[in-house]
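Notes to accompany the following structure.
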Amino acid sequence: MKKIVLVLLSIVLIGCQNSKQKKAVVQKNEKKEDLVIKNWRDLFWKGNSNEDGYYLINHDGENSYLCYYDYSSKQEVYLCDKPECQHKDESCTAYLAPPNLSNMIFVYKDHLYMIQNYGIIINSLGERTEDTAKIIQMDLDGKNRHDLCKLDEGYEFEYTSLVLGNESLYIPVTKTKNVEMKKNNIMSVVVQKKLYQINLKSGEAKNIMDMKYKDIIGVNGQNIIMTTMSYSEDPQKYLDQKNYQKYDQILMNGKYNYETYNLETKKTKTMSVKLNEQGYYYQNKSYYTKKDGLYSFDFQTNQETKVINLDKNKDYNITFIVDDYVILNEWKDNFIKSYKVSLKNPKLEELKQYLRTPKEPVNILAQTKDQLLVLYDREGHDEKTWAGTMQYETTKEYIGLISIDDFLQGKRNYQQIKTLNDKRRE
301 MKKIVLVLLS IVLIGCQNSK QKKAVVQKNE KKEDLVIKNW RDLFWKGNSN
351 EDGYYLINHD GENSYLCYYD YSSKQEVYLC DKPECQHKDE SCTAYLAPPN
401 LSNMIFVYKD HLYMIQNYGI IINSLGERTE DTAKIIQMDL DGKNRHDLCK
451 LDEGYEFEYT SLVLGNESLY IPVTKTKNVE MKKNNIMSVV VQKKLYQINL
501 KSGEAKNIMD MKYKDIIGVN GQNIIMTTMS YSEDPQKYLD QKNYQKYDQI
551 LMNGKYNYET YNLETKKTKT MSVKLNEQGY YYQNKSYYTK KDGLYSFDFQ
601 TNQETKVINL DKNKDYNITF IVDDYVILNE WKDNFIKSYK VSLKNPKLEE
651 LKQYLRTPKE PVNILAQTKD QLLVLYDREG HDEKTWAGTM QYETTKEYIG
701 LISIDDFLQG KRNYQQIKTL NDKRRE
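Residues in the sequence shown are numbered consecutively from 301, following our numbering.
Here you go:
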């Protein structure tokens, strides 16, 4: 009998061990989702897209609203499903109470998020007090809006590129102070900058690394790609000494390097390249212009390569990379011309996608798998400014969708979005 019990116990223990080993192997091999970046170039327009539509904050001069461009119906609608709603107060899911001009929104999976650095709250006595920086979460239809995460007083979210993945948001958080450079010349100086990880289910926020003098430009797997600045001297020394002129001078002469931070290993790797500009990240390479050409830096090989020669007497800047084409704009005081450069067969070709006079490039607002959302035309007139100079005043904007192929081929096959207002912002 004792032998039978011992044998049974052995079988149970072996079974438990095997079960634990299998569980450990499964957990070890469990692949984390690749990180995605929400680029500041896109978020700047106060909107963000998924494959079905584009969410934006719309201003009519008085109030602000959450709105949505529906890609299938080609209509802009308020993010509100009440048929008779006037969209004038907080009973409406689209309405945003002021102040909200600096708010930024992004979409991730089944939720819409709004970053708010400045807000007003009214207490039980009816007194208005300033709210701290926070992230607001809601469903994709604008319902179930609630505060997900609040920062301590004195801290705010940096309006810059942010990263999503693993049910978390990775975003720089800053603390600033105002310093008087000269009489009546106030400058806001960043004294702290940290990368925060915010759990999008619980709202828990934690500081995971120092980000002073760093900016996010891309992601690759579980790696966050950043630029970091190198200076001839530590600028902080002159800031502490209140030598603001020297502080500003050192900052202006900084050089860009690249750094990768792995979320799993918590290790950083720095690549010294000492560039004059930040670059545009695309498929594990950074693209940038120098006086004589378009260049790329490969993060895998740490090698710089000239992609194509450019005219040394002209100024170019990268505005977008679409489907393996770098979009360049040529400037000389004013906008001159747009170009495309194929990364597979590099050559400089004019991209004939312009707004009507005064000539400017078509503005890309968002990109999906096979189409672009763009501001493709406008109406307006010249007006004299208070300084006596002439300035073009836009009275109507045209927003639409176009296939990536048509856009790159210079075709103007735009599908207009019927918008609620003549302009996105008054």
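Yeah, the Cβ is synthetic: ideal placement off N, Cα and C, and Gly gets one too.
Remember, predicted model here, so these are calculated numbers, not experimental data.
Apart from sequence neighbours up to five positions away, the residues of its chain that approach K659 with a beta-carbon distance below 8 Å are F635, ordered along the chain. In this structure E679 is exposed. Its beta-carbon is surrounded by fewer than 16 other beta-carbon atoms within 10 angstroms. One thing to note: T605 has its Cβ within 8 Å of the Cβ of S596. M526 is the residue among R445, M526, E467 whose C-alpha sits nearest the C-alpha of F599. For M552, the enclosing alpha helix (DSSP H) covers residues 544-552. The beta carbon of L643 sits closer than 6 Å to those of D624, all from its chain and outside the five residues before and after it, given in chain order. Between D682 and E697, the alpha-carbon positions lie close to 15 Å from each other. Rounded to the nearest whole angstrom, the C-alpha separation of T393 and G503 is 21 Å. Here R724 is buried, its C-beta having at least 16 other C-beta atoms within 10 Å.
Three or more beta-carbon pairs separated by less than 8 Å are not found between the region 481-492 and the region 408-417, which leaves the two stretches without contact. Counting of Cβ neighbours within 10 angstroms places S586 among the buried residues, the total reaching 16 or more.
Taking T695 as the centre and dropping the five residues before and after it, the same chain places the C-beta of E679, G680 closer than 6 Å to its C-beta, in chain order. One thing to note: I524 has its Cβ no nearer than 8 Å to the Cβ of T460. Under the Cβ criterion (8 Å, minimum of three pairs), the region 570-586 counts as touching the region 549-561.
The alpha carbon of L675 has as its nearest neighbour, out of F406, L366, F707, the alpha carbon of F707. Taking the Cβ atoms as the reference, N348 lies roughly 6 Å from I405, within the contact range of under 8 Å. Rounded to whole angstroms, the gap between the alpha carbons of D439 and N562 is 30 Å.
For the pair D381 and A433, the Cα-to-Cα distance works out to about 28 Å. Contiguous beta strand (DSSP E) elements confined to the region 495-581 occur at 505-510, 514-520, 523-530, 555-562, 568-575, taking only those with 3 or more residues. With a cutoff of 8 Å on beta-carbon distance, T668 and E351 are scored as near each other. In the three-state scheme derived from DSSP, where H, G and I count as helix and E and B as strand, I436 is classed as strand. By the neighbour-count criterion, in which a residue is buried when 16 or more other Cβ atoms sit within 10 angstroms of its Cβ, A687 is exposed. Bounds of the alpha helix (DSSP H) holding D706 are 704-708. For L610, DSSP records no beta bridge to any residue.
Within the region 447-483, the runs of beta strand (DSSP E) at least 3 residues long that lie entirely inside it are, in chain order, 455-457, 462-465, 468-482. In the DSSP assignment, the residues bridged to H411 are Y408, D439.
Per DSSP, W631 is one residue of the beta strand (DSSP E) stretching across 625-632.
Listed in chain order, the non-local C-beta contacts of Y354 below 6 Å within the same chain comprise G347, Y369, A666, L673, local neighbours out to five positions each way being set aside. For the set A505, L495, Y616, the Cα lying nearest the Cα of L448 is the one of A505. Apart from the 5 residues on each side of it in sequence, V407 sits with its Cβ closer than 8 Å to the Cβ of N348, S349, N350, Y355, Y413, L440 in its chain, given in chain order. V336 counts as exposed, since fewer than 16 other C-beta atoms from the protein chains shown sit within 10 angstroms of its C-beta. Residue burial annotation: V491 is exposed, with fewer than 16 other C-beta atoms found within 10 angstroms of its C-beta. Assignment of D670 by DSSP, reduced to helix, strand and coil, places it in the coil class. In this model, S703 and Y582 are separated by some 20 Å (Cα to Cα). Within its own chain, the residues whose Cβ lies closer than 6 Å to the Cβ of N617, once the five positions on either side in sequence are excluded, are N629, listed in chain order. DSSP places L594 in the uninterrupted beta strand (DSSP E) bounded by 593-598.
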